[in-house]
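Trainee: This structure is in structure tokens; I'll ask about it shortly.
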Amino acid sequence: MNTERIEQLMRYVEEEPSEPFNVYALAMEFLNGRPEQARFYFEKLLNEHPDYLPTYYHAAALYAELDERDKAAMLYDKGITLAQAQNNQKTLQELKRAQQAFDDEDDDW
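In our numbering, the protein residues as written are 99 to 207.
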């Protein structure tokens, strides 16, 4: 986690609060080392920019890692539905593979 980069991204979020990429980049920066902060920014994206597709893959993976399996499953489903609606085949396939791995892990419980 790069403190200087986080400060820069926070400035970007302040300057352009309606730009989802800035919030996404901040969430991604927090993933390594401060997952609760990452979660905060992913939730912000999900609430304020629900059509921002890149959020779903990483947010679902984070919730799975935090053992919030119902939330992770819901985010994979929503992401897949959104990818289909946006006709984004690459992200659709990535989400389906991640969901399958998640489901397979669930079967191991």
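Ideal Cβ positions, reconstructed from N, Cα and C, are used throughout, including at glycine.
#1: Taking residue 128 as the reference, which of 136, 121, 165 has the closest Cα?
#2: Any idea if residue 185 is buried or exposed, counting beta-carbon neighbours within 10 angstroms, 16 or more meaning buried?
#3: Could you check whether residue 157 and residue 180 sit closer than 7 angstroms to each other, using their CB atoms as the reference points?
#4: Unbroken alpha helix (DSSP H) runs of length 4 or more, entirely within the segment 152–182: which are they?
#5: Could you tell me if residue 177 is buried or exposed, where buried requires 16 or more neighbouring beta carbons within 10 angstroms of its beta carbon?
Mentor: Checking against the coordinates, here is how it stands:
#1: To locate residue 128, count along the sequence shown from 1; it is residue 30. Of the residues 136, 121, 165, the one whose Cα lies closest to the Cα of residue 128 is 136.
#2: As a first step, residue 185 is located in the sequence shown; it is residue number 87 there, counting from the start. The residue in question, residue 185, is exposed, as its Cβ has fewer than 16 Cβ neighbours within 10 Å.
#3: Start at 1 with the first residue of the sequence shown, and residue 180 comes out as number 82. Start at 1 with the first residue of the sequence shown, and residue 157 comes out as number 59. No, these two residues do not count as a Cβ contact at 7 angstroms.
#4: DSSP runs (the alpha helix (DSSP H)) wholly in the segment 152–182: 152–163.
#5: Residue numbering aside, residue 177 sits at position 79 when the sequence shown is read from its first letter. Under this definition residue 177 is a buried residue.
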